[in-house]
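To keep things clear, I will list the structure first and then write my remarks on it.
In my numbering, the protein residues as written are 1237 to 2115.
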């Protein structure tokens, strides 16, 4: 029963006035300091909803650290639901303005998902559940943030602005605290449950006792207790209000002062170092303050700086050394030494230390360097080489021991190796290019750094030429060659055409100088081999066919290249590819085919040229093997167009194979010149319905079929048209000259194919007719036919007075050729059956009869062959 009816429960209780009602003793509560802090918290709807959002955001950030995509997806879905619940509060309290901390979470989440998605190796190592959750998360996030495009754009304009307004938060805190205290005070001032007084019979009052009655009728002891408790509460509440207001004001001031100091410190560091604070991963020692380099009253001299430098470098490579802080300390030491003008030697030595520290900053050698540290590395390398070139009496060498260094007076001697640092810088540049997406703007931005890398190599060359150590000069020259050999210089062709003076130094002249020095001075076969291959590549790139071919024939590299390291073999493949293209441009079709056949027959030119990895069917690569092969890949800007390469190979094969097929149509032992081209023809013949060609291969196959029929015009139209021009022929430097050369070759080979195919139809044919049919000049037709007759490819003779070709018809007809083929096949079949029978029975008489039969057959075939040979000789005598 409710305690409010304790005073008048029934008539029987009210009538028993004689009984004394026992009132419970009300305890006197004492409050400790700890109990004062415990209070009832009354929160608004906004606080509840915001707290729910912030808790979920904290969970998402924790899952980001450990890359738990599955849990992150669940938390993201919870975040969406919580935001829907908070939407009415946001519309009412914030006038529909989305909270900044929520927008920040979406932006961070989008950046994180994009970063993980672009890391292909990381995605491969993910579990199946995480990978699936990542894909789902990416799709849902991209769809969800479309509703917040304006808020995200505003946030990205000023991302450093804090998520909360401090003053508003403080006011809201004060208000909520005071309201909470007011409510708790009222609650505490409410008296405890009082016992009802005994009802007066003559009283006409209601059953409910009033406060005045209850207070007047209460005993003196109880009144004293209530008074003491009330006074205690009133006194404490008044003091607490004043004390808490004062404390909050102090906290607010302290918070603002901390924020002001933090902003000032960040601004000073940005001005001094060019970059702000950076968050460091958990586990790395983060010093609260940057340690001081020297004491205020210390006299800074060379020995003190050297000692400090040794101190800083002694921490290099230790377990908990902060690499970023080490780089900053070295920069600061550099600034101090410059300020006190301690000399060029200590300047160079500290630069060496900074370069080593930047190289050490990347924990994994296989991974690329961060762009910010890459730019720092380029600057420091350039500055160090400038100081080395400016001071003739400054020597840097590995042979100098640290005890023998001379830093205070000239000639200066420093321990170190400039060449090793430059070679590692070049390797880092290649890794940076491989890390970038080749179709992005980032790749273009990184590629712009090649001019700076080339400048550093040039400065190193000048410094090495001053020291004049042949082995080191060969190494730095090869680095220069590797940045030069694949670049096309149009001035070379202009110089050939006489449009440019021969005194102008072109890339071919520079390559000649560098390579000849390596040929003469190098003691290692590897550098010489790479220099020869690069030299051949550069000659082939600039249409110096004879120079490139002579280098190949003199070096004999094709015989020993299989014993070289993989990177040299890749360079050999790239050189042979460009040599084939050069031969094709010079109309040397057989040479072009021979250069390209080894690459194209394997079906894996992409792997052989190190331009990508193909999936393997039989067995998968291990992670280590795949990692090693990826490190060997060429940067994208050095790639050779594979479609151009395949097209040149197929066209060369077509120009060789089709006339050969026409000349040996009925030859049972005909050999294949190009297996790849033959497979393309076979696959086209298997198709029941062949439509108009679309791909490059289909164009070449259609052209081959047209040439097989002697239709040069259709063949030319299939090879040279708008689609093929865009895909292939426009990629050549002088595309019009290549197309003209190709048309001429198609006409000549079509004429040869026509004569092979239809010579048995004609008794004689006019050379003028052939010239008109194939749009060739008569001397060209005369030359082609004469060569065919001399090589015994065509049984005919030339009649000069009438300018006709007289056919001798000495070769068998088509029916005779087919009959001879059938006879050969039947003979082979009989021989195989007789051998089987002989092995089973071992009959002597059968062997004797068989030998007689074979002799007769050979005499018959030999007689026929002799007759045909005699006829050919007679015709040649007549001619």
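We treat Cβ as the ideally placed atom computed from N, Cα and C, and that holds for glycine.
*In the DSSP assignment, what residue or residues form a beta bridge with residue 1614?*
According to DSSP, which records beta bridges pairwise, residue 1614 is partnered with nothing at all.
*Which of the three DSSP states, helix, strand or coil, is assigned to residue 2067?*
helix
*asked:* Tell me which residues share the same chain as residue 1570 and place their Cβ nearer than 6 Å to its Cβ, disregarding the 5 neighbours each side in the sequence.
replied: 1586
_Please classify residue 1731 as buried or exposed, where buried requires at least 16 other C-beta atoms within 10 Å of its C-beta._
buried
*Within the same chain, show all residues whose beta-carbon is closer than 8 Å to that of residue 1724, passing over the 5 residues directly before and after it, in chain order.*
1777, 1778 and 1969
*Which runs of the beta strand (DSSP E), 3 residues or longer, sit entirely within the stretch 1749 to 1782?*
none
*Report yes if the CB atom of residue 1340 is closer than 8 Å to the CB atom of residue 1391, and no otherwise.*
yes
*Where does residue 1650 sit, in a helix, a strand or coil, going by DSSP?*
strand
*Going by the CB atoms, is the gap between residue 1772 and residue 1787 shorter than 8 Å?*
yes
*Shortest alpha-carbon distance to residue 1930 belongs to which of 1921, 1652, 1924 and 1958?*
1958
*Spatially closest choice to residue 1290 from 1315, 1280 and 1308, by CA coordinates*: 1315
*Buried or exposed for residue 1837, please, with buried defined as at least 16 other CB atoms from any protein chain shown within 10 angstroms of its CB.*
exposed
*What is the residue span of the beta strand (DSSP E) that residue 1306 lies within?*
Counting along the chain, residue 1306 falls outside any beta strand (DSSP E), though it belongs to the alpha helix (DSSP H) covering 1305 to 1329.
_Backbone secondary structure at residue 2042 - three-state DSSP_ = strand
_Proximity below 8 Å, CB of residue 1235 to CB of residue 2018_ = The structure shown does not extend to residue 1235, since the chain is modelled only from 1237 to 2115, so the question has no answer here.
*Nearest-angstrom Cα distance between residue 1737 and residue 1727?*
10 Å
*DSSP puts residue 2032 in a beta bridge; with which residues?*
2043
*Mapping DSSP to helix, strand and coil, what is residue 1453?*
The pLDDT assigned to residue 1453 is 42, lower than 50, so where the model puts this residue is not dependable; a value taken from the coordinates is nonetheless given after this. Helix, per DSSP.
*asked:* At the level of alpha carbons, what is the spacing between residue 1518 and residue 1557?
replied: Because the pLDDT at residue 1518 is just 39, under 50, the model does not fix this residue reliably, and the value given afterwards should be weighed accordingly. Between residue 1518 and residue 1557, the C-alpha separation is close to 13 Å.
*Within this structure, are the beta carbons of residue 1812 and residue 1883 separated by less than 8 Å?*
no
*Check whether the Cβ of residue 1671 sits closer than 7 Å to any heavy atom of the ligand SAM, and report yes or no.*
This structure simply doesn't include the ligand SAM, nor any ligand for that matter.
*DSSP state of residue 1334, grouped into three classes?*
coil
*asked:* Check whether chain D comes within 8 Å of residue 1486, counting only Cβ atoms and requiring the distance to be less than that.
replied: Absence of chain D from the displayed structure is noted, only one protein chain being present.
_Distance CB(residue 1946)-CB(residue 1993) smaller than 8 Å_ = yes
*Go through its chain and collect everything with a Cβ distance to residue 1305's Cβ below 7 Å, but skip five positions before and after it.*
1366, 1369, 1370 and 1373
_Neighbour-count burial assignment, residue 2073, 16 or more Cβ in a 10 Å radius_ = exposed
*On the three-pair Cβ rule with 8 Å, is the stretch 1883 to 1902 touching the stretch 1860 to 1874?*
no
*Name the DSSP beta bridge partners of residue 1630, please?*
1648
*Whole-angstrom distance between residue 1638 and residue 1714, CA atom to CA atom*: 30 Å
*Please state whether DSSP places residue 1909 in a helix, a strand or coil.*
coil
*asked:* Quick check: what's the CA-CA separation for residue 1640 versus residue 1651?
replied: 9 Å
*Taking buried to mean at least 16 other C-beta atoms within 10 Å of its own C-beta, is residue 1397 buried or exposed?*
exposed
*asked:* Using 8 Å for Cβ pairs, my map puts residue 2041 next to residue 2021. What's the rounded Cβ distance?
replied: 6 Å
*Exposed or buried, what is residue 1816 when buried is set at 16 or more other beta-carbons lying within 10 Å of its beta-carbon?*
buried
*Below 8 Å CB to CB, which residues in the same chain sit around residue 1892 once its five sequence neighbours on both sides are set aside?*
1825, 1826, 1829, 1909 and 1910
*Using CA coordinates, which residue listed in 1633, 1659, 1627 and 1656 is at the minimum distance from residue 1646?*
1627
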